[in-house]
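The next block holds one structure in the form of structure tokens; read it before the comments.
Number of protein chains: 2
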Amino acid sequence: MAHESLYAVVMAGGAGTRFWPASRRARPKQLLPITGEQPMITQTIERLEGLVDLERVLVVTSEELAPAIREAVPQLLPENLILEPFGRNTAPCIALAAFEIERRDPNSVQIVLPADHVISPTDRFLSALDAAVHEARAGGRLVTLGVRPTHPATGYGYIRGGEKRGVQAGWEVREVSSFVEKPDAARAKEFLESGDYFWNAGIFVWETRTILAALRAHATGIYDALAGIDEPAELVRAYERVESSPIDVAVMERATNVSVVPVDFEWNDVGSWPSLADVTPADSSGNHQSGGGRLIARDARDCIVYGDEGSLIALVGVEDLVVVQSGNSVLVCPRERAQEVKAIVSQLENEAPDLL
Amino acid sequence: MAHESLYAVVMAGGAGTRFWPASRRARPKQLLPITGEQPMITQTIERLEGLVDLERVLVVTSEELAPAIREAVPQLLPENLILEPFGRNTAPCIALAAFEIERRDPNSVQIVLPADHVISPTDRFLSALDAAVHEARAGGRLVTLGVRPTHPATGYGYIRGGEKRGVQAGWEVREVSSFVEKPDAARAKEFLESGDYFWNAGIFVWETRTILAALRAHATGIYDALAGIDEPAELVRAYERVESSPIDVAVMERATNVSVVPVDFEWNDVGSWPSLADVTPADSSGNHQSGGGRLIARDARDCIVYGDEGSLIALVGVEDLVVVQSGNSVLVCPRERAQEVKAIVSQLENEAPDLL
């Protein structure tokens, strides 16, 4: 199934804090075995096997994260690790990768995807990507995968599907009518019932020439800043002046040649500790454990537990807690208050940045 | 105030598990900074300063704990670390120390005390010990300190005071009428109201000749096993056959020459995690922290927190929990269920003894 001109761009520059204390500046979520036994980026790259040859899998990340990425994905070709001087959201990241791939193969097609999502089963995912590749090739389209919602989620952006464009490799393809911000609960319920709205998974497929043309048209500043860069010092200067912008805002919402492939595989962006309940198995008491440590739960129920490899977390008589051990840091909070991790991180930024 | 013939015997062989995961086989409670910034044994030995010269402070412990003890109390003279091959409760420990001190000074007086209690203020404690030394010298007595109860505690053994014997160095001294096992709540209340019952703090003062005579009379097996031992191999054989017995049962309950000095300083044997609430200060939200780590408490109340030096424990929106970090182990349980730590330890003994 692997196409000779098919590239993958794995975006791995994120530095999220919602998984503190497991995630740190130098070891964000994509480098953690939050689900399964491998770091999420390792799972992401292995998932592409059979569709994209390893020699055409590129990873974009920051210089700070590069050593840990190399360690997590030793099979990655050294020249395929693209380094950003610092993060500027997804539009500059995608532009940087597009220019690099254009140099290698101007007739290429790209799959662009985040490094840290849970997707299953793999064969359905690859099949949908294959359809998206066909759609991208067929009409010079910017193609997104839109996940059919299974519940009225308020934590995701949505893609509104428009006219049906046809069928590619067995998958229906539709025009994109609009991109929609995270809705409130009432709108999310309407979205779910209408059948025309899909979760924006941040997974894109396009020809290199198509995305570059779209960047030039809709994100001219980013395009101009990153075009024709030869050396690292230039790149730093470009990143210093380039706008920080997500590709959705910089390009997708403005372009008119956008298609969506509605998909129904399991997808989760694993945005916070409580989301682990959706993507990891529970023991007989409803406790979800990941990270590679050992859990002893004595009359403990419905907890979400993460401990480093080699760690031991003992819970007695507690329920509905998030309990995280990483290095010599520990977090204990109720599941419904896990978003307050951000406040802890803010406090540490001020008081003890070495602990981040 | 220091007497030339006054020795201290610090019993530091205990291997308690109630402070798991902070306490491990190789690092039991007396070696931990459970209260204050120093290990408890360090505080215990420093507390004796001015009453007992360091050259006459002996520590009895197991071979396994010896290196950690030397590290915690570097000022201890090497020849003053008395090693038991393994633990046999307090009676053999006290006999072993008594024979050793007899060799050094047959006319000596000894203060025998546990390594891991909280006592304050020091001057009252030393003053009471001074009185006990006078009492021990005056009449060949086995003297105990009995702590006046401040609440109807069911977790301590009690000493029932009898006839008043007199006053020593400003402290009343009474005959001991009996030693009483841990009472139920109703009896504990009676004890508190009667004024004649005192907590058995396990602190004893006696002449060396007096305790040896008492051991010979009441614990003949122990006395005979440990008399005249010259070399380590003999000691191992003696410990292999000697009865494991607490001094209270082996001697104190049987002897008739027992005195008690009722004392009113703060004393706590710090028997479990919840007892830290009694011996460490609380922050404005009622959280008690020890161990040397950092605590970030966000809307967290009345928790008992212990973390290693350099650690960080973040609590959000929880209350009445015990949260302990030590190395890469973590315990989370409600304060009122902290006694179940024993069950965790038992499970680990079977399943993962390397984690103890």
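One line per chain: the protein sequences are A and B, in this order. Just so we're aligned, residue 1 is where the first sequence starts under the numbering used here, counting upward by one. Just so we're aligned, residue 1 is where the second sequence starts under the numbering used here, counting upward by one. In this text, a Cβ means the ideal position worked out from N, Cα and C, and glycines have one as well.
Burial state of residue i (16 or more Cβ within 10 Å)
{"i": "B/His-151", "result": "exposed"}
{"i": "A/Val-9", "result": "buried"}
{"i": "B/Asn-268", "result": "buried"}
{"i": "B/Asp-354", "result": "exposed"}
{"i": "A/Thr-220", "result": "exposed"}
{"i": "A/Asp-184", "result": "exposed"}
{"i": "B/Ala-91", "result": "buried"}
{"i": "B/Asp-230", "result": "exposed"}
{"i": "B/Phe-19", "result": "buried"}
{"i": "A/Asn-107", "result": "exposed"}
{"i": "B/Pro-149", "result": "buried"}
{"i": "A/Val-167", "result": "exposed"}
{"i": "A/Glu-46", "result": "exposed"}
{"i": "A/Thr-256", "result": "exposed"}
{"i": "B/Ala-338", "result": "buried"}
{"i": "A/Glu-351", "result": "exposed"}
{"i": "A/Gly-50", "result": "exposed"}
{"i": "B/Leu-77", "result": "exposed"}
{"i": "A/Asp-116", "result": "buried"}
{"i": "B/Lys-29", "result": "buried"}
{"i": "B/Ala-217", "result": "exposed"}
{"i": "B/Asp-248", "result": "buried"}
{"i": "A/Glu-163", "result": "exposed"}
{"i": "A/Ala-233", "result": "exposed"}
{"i": "B/Arg-141", "result": "buried"}
{"i": "A/Glu-181", "result": "exposed"}
{"i": "B/Glu-71", "result": "exposed"}
{"i": "A/Met-1", "result": "Note that A/Met-1 scores 48 on pLDDT, short of 50, meaning its location in the model is unreliable and no value can be drawn from it."}
{"i": "A/Ala-15", "result": "buried"}
{"i": "B/Thr-17", "result": "buried"}
{"i": "B/Gly-202", "result": "buried"}
Amino acids of chain A, ordered along the chain, whose beta-carbon sits closer than 9 angstroms to that of residue i
{"i": "B/Glu-402", "result": "Look at the range of chain B in this structure, 1 to 356, and you will see that residue 402 of chain B is not part of it."}
{"i": "B/Ile-34", "result": "Neighbours of B/Ile-34 on chain A: none; closest Cβ ~18 angstroms, over 9 angstroms."}
{"i": "B/Ala-343", "result": "Arg-298 and Val-316"}
{"i": "B/Gln-325", "result": "Gln-325, Asn-328, Ser-329 and Val-330"}
Proximal residues of chain A, C-beta to C-beta of residue i below 8 angstroms
{"i": "B/Ser-311", "result": "Asn-328, Ser-329 and Val-330"}
{"i": "B/Leu-321", "result": "Val-318 and Val-332"}
Under 7 angstroms by beta carbon: chain B residues contacting residue i
{"i": "A/Ile-337", "result": "Checking the sequence, you will find Arg at residue 337 of chain A rather than Ile. Simply Val-316 and Gly-317."}
{"i": "A/Gln-347", "result": "Ile-296"}
Rounded Cβ spacing between residue i and residue j (contact assumed at less than 8 angstroms)
{"i": "A/Ala-300", "j": "A/Ser-311", "result": "With a Cβ gap of about 16 angstroms, A/Ala-300 and A/Ser-311 do not count as contacting."}
{"i": "A/Leu-81", "j": "A/Val-59", "result": "5 angstroms"}
{"i": "B/Ala-345", "j": "A/Val-330", "result": "Note that residue 345 of chain B is Val in the sequence shown, not Ala. Contact doesn't hold; Cβ gap of about 20 angstroms is too wide."}
{"i": "A/Val-176", "j": "A/Ala-131", "result": "About 15 angstroms; that fails the 8 angstroms criterion."}
{"i": "B/Val-332", "j": "A/Leu-226", "result": "At roughly 48 angstroms, the Cβ-Cβ gap does not stay under 8 angstroms, so B/Val-332 and A/Leu-226 are not in contact."}
{"i": "A/Ser-194", "j": "A/Val-109", "result": "Contact flag wrong, Cβ pair sits at about 31 angstroms."}
{"i": "B/Phe-125", "j": "B/Tyr-158", "result": "About 20 angstroms separates the two Cβ atoms, so there is no contact after all."}
Within chain B, partners of residue i - CB distance below 8 angstroms
{"i": "A/Asp-308", "result": "Asn-328"}
For residue i: DSSP bridge partner residues
{"i": "A/Cys-333", "result": "A/Val-322"}
{"i": "B/Leu-312", "result": "A/Ser-329 and B/Arg-294"}
{"i": "A/Gly-307", "result": "A/Gln-325"}
{"i": "B/His-288", "result": "B/Ala-282 and B/Ile-304"}
{"i": "B/Arg-24", "result": "B/Arg-27"}
{"i": "A/Ala-8", "result": "A/Val-57 and A/Ile-111"}
Within chain B, partners of residue i - CB distance below 9 angstroms
{"i": "A/Leu-355", "result": "Arg-294 and Leu-312"}
Any non-hydrogen atom of the ligand NAP within 7 angstroms of residue i CB
{"i": "A/Lys-342", "result": "Questions concerning the ligand NAP fall outside what the structure shown contains, since it holds no ligand whatsoever."}
Can you check the region 96 to 183 of chain B for any beta strand (DSSP E) of at least 3 residues that lies completely inside it and give the ranges in chain order?
109 to 114, 118 to 120, 142 to 147, 158 to 168 and 171 to 180
Considering only residues of the region 187 to 268 of chain B, which uninterrupted alpha helix (DSSP H) runs meet the minimum length of 4 residues and lie entirely inside it, listed in chain order?
208 to 218, 220 to 226 and 232 to 241
Could you give the uninterrupted runs of the alpha helix (DSSP H) lying entirely in the region 40 to 83 of chain B, keeping only those of 4 residues or more?
40 to 47 and 66 to 72
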